[in-house]
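Numbering (my numbering), first residue to last: 11 to 221.
Here the structure is laid out as structure tokens; the discussion comes afterwards.
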């Protein structure tokens, strides 16, 4: 009696969630291989680059001595300290200057006969606050300008007092030193020149460009 062949096993049908899971696994595998290839290629590019050494003129460099503990194994020098070769740093930007720029919120130079004068209103009781406080670092040697803007509501220690407040509270029209000291006290940034722009200066700028 001949043996009957086993009936074929039923074909497994995958559901859509299973298909999506398999597709996600394949995509993740391909992404991993791609990232590994990119990392390898990037390392080869970095290794193949020819980086020129930076040469510093010792005559213009600033040196800082670094103390190193002495050799504890040498009884004759126990407790003594040796001075390692001084660390060498490139000189700072000697020609760069910091300009503190402020915008004064007042009604200076507003023509009372102008049809736009009512838009400014009576500001005599408002005092003044600087809505714009920026530090410009100008380097004429490289023809570059770096700008740092301080938000007017930035909470800082107010120079000359023991309290904290918004940075524009340190602004005084006739005493820029208070704001200068506040910025230095909180951020360590010195000021070489102070420039105040009010409506008079703004009007002059607009006129200069035929506005």
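Glycine is no exception: its CB is placed at the ideal position from the N, C-alpha and C atoms.
Computed from a prediction, not measured in an experiment: that's the story for all the values here.
Handout entry: Cα-Cα separation between residue 102 and residue 147, rounded to whole angstroms
Key = Their Cα atoms are separated by approximately 13 Å.
Problem - Straight-line gap, residue 190 to residue 212 (C-alpha atoms, nearest Å) - result: 22 Å
Exercise for the section: Answer yes or no: do residue 112 and residue 206 have a C-beta to C-beta separation smaller than 8 Å? Expected result: Yes. Within cutoff.
Problem - Residue range of the alpha helix (DSSP H) that includes residue 211 - result: 209 to 218
Handout entry: Span of the alpha helix (DSSP H) around residue 193
Key = 186 to 197
Handout entry: Alpha-carbon spacing of residue 219 relative to residue 210, whole angstroms
Key = 15 Å
Handout entry: Residue of 150, 184, 140 and 160 minimising C-alpha distance to residue 197
Key = 160
Practice task
Tell me whether residue 151 sits in a helix, a strand or coil according to DSSP, three-state version.
Solution key: coil
Practice task
Figure out for me which residue from 119, 150, 192 and 214 has the closest Cα to the Cα of residue 162.
Solution key: 192
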